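Chemist: Mapping of the sequence shown onto my numbering: residues 41 to 111, in sequence order. The beta carbon of each residue, even a glycine, is placed where N, CA and C say it ideally should be. Only a predicted model underlies this, so the values are computations on that prediction, with no experimental measurement involved. Please find one structure pasted underneath; my questions will follow.
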Amino acid sequence: MGIPGERRRTVWRLVVVVWALIVAVAGGLTLWMQDSTEPRGPYVWERTDPGDARHLPPCPTPQACAYVTTP
């Protein structure tokens with residue numbers, strides 16, 4: 041009866057190896073596809089003037105724009 045246990049271990053090892061390969065390939069594809077859609081170049085913070093908030097459309101509800109302060 042030692043053969044079924046050994047076979048079960050072999051099947052589990054195969055399942056784990058296949059799962060690890062699928063995860064690695066899917067992760068690589070995700071990174072490759074993500075890199076291909078993002079623009080290349082330097083990333084910088086955009087500087088804005090605090091007075092630019094006046095040019096935004098009005099808030100639909102007061103709760104939606106609670107963070108905006110008016111001068």
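For Gly-67 and Pro-98, what's the separation of their Cα atoms in angstroms?
Modeler: Translated into the one-based positions of the sequence shown, residue 67 becomes position 27. Translated into the one-based positions of the sequence shown, residue 98 becomes position 58. If you take the alpha carbons of Gly-67 and Pro-98, they lie about 42 Å apart.
Chemist: With DSSP as the reference, label Thr-101 as helix, strand or coil.
Modeler: Sequence index remark: in the sequence shown, residue 101 carries index 61 (1-based). Thr-101 falls in the coil class under three-state DSSP.
Chemist: Roughly how many angstroms lie between the CA atoms of Val-55 and Arg-48, to the nearest whole one?
Modeler: Counting from 1 along the sequence shown, the entry for residue 55 is found at position 15. Counting from 1 along the sequence shown, the entry for residue 48 is found at position 8. Going by the C-alpha atoms only, they are around 10 Å apart.
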